[in-house]
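Protein chains in written order, with this note's numbering: chain A, 4 to 177; chain B, 60 to 252. Inspection log for the structure reproduced underneath, given as structure tokens.
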Amino acid sequence: MSSSVVMEEKRIAQRSFDQLYELFATDVLRVSYYYLGNREQAEDVTQDVFVRLLVNKPELEYGKEKAWLFKVALNRCRDLWRSAWIRKTILGHPGFESFPAPDELKRVTDDMDLASSINRLKPEFKEVILLFYYQGFSVSEISGILDIAEGTVSSRLSRAREKLQKDCKGDDTL
Amino acid sequence: MTKLEKLPEYTDSVMHGLTAGQALKQRILETAAESALPNKKKSLLLNPVPVLCSLAAVLLIFSVLLNGIQSVSVSDQGKMTVFTAGNNQTVSPDISLSFEVLMNEKKPDAVTRIELDNGTVIGNPSLCAELFTILKNNALSTDTRLLPESNVITIVLNDGSSVQVEAFAPWLTDGKSFWTCQPFFDKLNQLAQ
Chain A
4 MSSSVVMEEK RIAQRSFDQL YELFATDVLR VSYYYLGNRE QAEDVTQDVF VRLLVNKPEL
64 EYGKEKAWLF KVALNRCRDL WRSAWIRKTI LGHPGFESFP APDELKRVTD DMDLASSINR
124 LKPEFKEVIL LFYYQGFSVS EISGILDIAE GTVSSRLSRA REKLQKDCKG DDTL
Chain B
60 MTKLEKLPEY TDSVMHGLTA GQALKQRILE TAAESALPNK KKSLLLNPVP VLCSLAAVLL
120 IFSVLLNGIQ SVSVSDQGKM TVFTAGNNQT VSPDISLSFE VLMNEKKPDA VTRIELDNGT
180 VIGNPSLCAE LFTILKNNAL STDTRLLPES NVITIVLNDG SSVQVEAFAP WLTDGKSFWT
240 CQPFFDKLNQ LAQ
């Protein structure tokens, strides 16, 4: 294989990575942060996801990349969450913080309540809420990402909403 | 519109300053480049080192006492501590087969059973062979350490021997995480669908 072909292949791979990073890295980071409540760990998860994209070069169908990225990210989040180290460090820790734009500090308070409530949900509920409401995946797509039945997704969504309402002291605008 | 339906908007407001920027991107590119280096030191921990060392030390003492071997040297081959006494070489006995031997010498069809630590047992010969090949192709690709709650895969061979490998282990003390055999689990997930 000539060096120009190799360089061209690398260029294409790099462009693909650049596009995916541009499109989805912040979303992956924020979902991971919702999940773990720890910025460093969320960045590590994001790093792991995209390193894996570069190193393993999975053959991703156009339009399915986002689902793949979130599948890997949530697997990593789940694994980190399960580990004793994370449990000790994060559970019960009120460190879920906001990163608002400077002019939005006041308005953020209400929004922060919802974000913190989501962060406090159990992982199985948090995942479906974030994928459905934040990332706009359909129930069917979530079923594929999480490897669970569509009925289970719907039921978790419903239970998650109930828990959020309870956590937000009966806020019926949820 | 409910608050939840406005979650993207809310998230933008509370996490405006949390974005994946160029610094993280650079870190990703550097880490990926390091992973691709052919001579990067790779280690695979089969069992906690202290346990291995203790067991091997006990074995060595027995070996010396029983066989009267005169010259003894100790070397560390990867994460397996191997005690060499004269011409006799003994590997810590709680692992009947080293991972290197498994990967280098055993063929996929030698695998009769694969067990996961969640209780899943895979006994289908062709599936075992396929999963073993995936493990073989990926297991040594990254650094791994054993954690108490990590996923451990037990590979059982047709000669009765077995080896445990760690399949998916985050290592957090240095702030990094590593994959070993995610493709293995991807395949399992694909089969489960």
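Backbone N, C-alpha and C define an ideal beta-carbon position, used for all residues, glycine too. From a predicted model like this one, the values you see are computed outputs, not experimental measurements.
Extent of the continuous alpha helix (DSSP H) to which residue i belongs
i      : result
A:E43  : R42 to N59
A:A76  : E68 to R85
A:Y65  : Premise fails: A:Y65 is in no alpha helix (DSSP H) and is neither H nor E.
A:L167 : E153 to D170
B:G76  : Segment: none, B:G76 is in no alpha helix (DSSP H) and carries neither H nor E.
A:L134 : First-last for A:L134: undefined, no H or E at that position.
A:E147 : Here residue 147 of chain A turns out to be Gly, not Glu, going by the sequence shown. Residues V142 to L149.
Between the CA atoms of residue j and residue i - distance to the nearest angstrom
i      : j      : result
B:E68  : B:D245 : 33 Å
A:W84  : B:A188 : 32 Å
A:A70  : A:E144 : 8 Å
A:L117 : A:L23  : 28 Å
B:T61  : A:R164 : 11 Å
A:T49  : A:Y36  : 10 Å
A:K129 : A:G147 : 16 Å
A:E46  : B:T171 : 40 Å
A:I121 : B:L247 : 30 Å
A:V131 : A:A104 : 27 Å
A:K169 : A:K60  : 43 Å
A:G40  : A:L32  : 11 Å
A:L63  : B:I87  : 19 Å
B:V108 : B:M74  : 42 Å
A:T29  : A:L72  : 12 Å
B:T70  : A:D21  : 23 Å
A:V34  : B:Q85  : 21 Å
B:T203 : A:K172 : In this predicted model, B:T203 has a pLDDT of only 39, less than 50, meaning its place in the structure is not dependable; the value taken from the coordinates is given anyway. Each residue's Cα considered, the two are about 44 Å apart.
B:L199 : B:L83  : Here the model assigns B:L199 a pLDDT of 46, short of 50, so the residue's position is not dependable, and the following value carries that caveat. Each residue's alpha carbon lies about 25 Å from the other.
A:L133 : A:L160 : 10 Å
B:I181 : B:E93  : 34 Å
B:A115 : B:F121 : 10 Å
A:A152 : A:R79  : 21 Å
B:N183 : B:E164 : 21 Å
A:V142 : A:Y38  : 19 Å
B:N196 : B:V110 : 28 Å
B:Q81  : A:E25  : 10 Å
A:L149 : A:K74  : 7 Å
B:D168 : B:N217 : 9 Å
C-beta neighbour in chain A for residue i, strict 7 Å
i      : result
B:G76  : yes
B:T192 : no
B:I214 : no
B:P167 : no
B:V73  : yes
B:R172 : no
B:T70  : yes
B:T264 : Nothing can be reported for residue 264 of chain B, as the shown portion of chain B is limited to 60 through 252.
B:L66  : yes
B:A79  : yes
B:K195 : no
B:N248 : yes
B:I120 : no
B:S185 : no
B:S94  : yes
B:I87  : yes
B:L175 : no
Cβ-Cβ separation, residue j to residue i (assumed contact under 8 Å), whole Å
i      : j      : result
B:T213 : B:S221 : 6 Å
A:Y136 : B:E89  : About 34 Å separates the two Cβ atoms, so there is no contact after all.
A:L57  : B:A91  : 4 Å
Limits of the beta strand (DSSP E) - the one that residue i falls within
i      : result
B:T171 : V170 to L175
is_contact[residue i, chain B] using C-beta, thresh 7 Å
i      : result
A:A70  : no
A:F53  : yes
A:D150 : yes
A:Q22  : no
A:E46  : yes
A:F102 : yes
A:G95  : Any reading at A:G95 must be qualified, since the residue scores a pLDDT of 45, below 50, and its modelled position is unreliable; no value is offered.
A:T155 : no
A:A163 : no
A:L160 : no
A:Y38  : no
A:R33  : yes
Near the ligand HEM: residue i beta-carbon under 6 Å from a heavy atom
i      : result
A:L149 : Summarising the ligand content, the structure contains no ligands, and the ligand HEM is consequently not present.
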